[in-house]
Amino acid sequence: MGRRPGTNYVRTWTHCCTAYDTGISLVIIPHANTLTAWAVLGQKHEGFIHPVPFTGRVLKESELRYHITEKEVFAILRTLEVFRPLIHGSEFPVVVYTRYSVLKWLLQSKTADGRHLK
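For the sequence shown, this note's numbering gives the first residue as 374, with consecutive numbering after it.
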């Protein structure tokens, strides 16, 4: 640990990523902003969520117009698609942490179109 020259913060080194453990439930933490949608697939070790893999991409021009909640749904769906072998093989339910109640909205929506449901 030490202070970087010319900065006001202290840099610490910790073990961030961890190996996938089949005996622990998975957690999805999605994030989206104006240009990207990404998510972390993590597991809880010693009281902290550690990322196993990450996925994300820059949004296409048509996707840039999506509302932020739709972008987070996109990030969740991408995570489920990209990491299907890890998720499908897990005996535990997958927990999703999000700032919005996107999944509740998606599942209860009577007006969700094909873009949301695919």
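Ideal Cβ positions, reconstructed from N, Cα and C, are used throughout, including at glycine.
Comparing C-alpha distances from residue 431 to each of 419, 406 and 425 shows the shortest one belongs to 406. According to the DSSP secondary-structure assignment, residue 417 is paired through a beta bridge with 422.
Annotation for residue 397: 416 place their beta carbon closer than 6 angstroms to its own, counting only its chain and skipping 5 residues before and after. Residue 399 sits in a strand when the DSSP states are folded into three classes. The Cβ neighbour count for residue 395, taken over all protein chains shown within 10 Å, is under 16; the residue is labelled exposed. The beta-carbon separation of residue 402 and residue 410, rounded to 12 angstroms, does not stay under the 8 angstroms limit for a contact. Annotation for residue 442: the continuous alpha helix (DSSP H) segment containing it runs 441–455.
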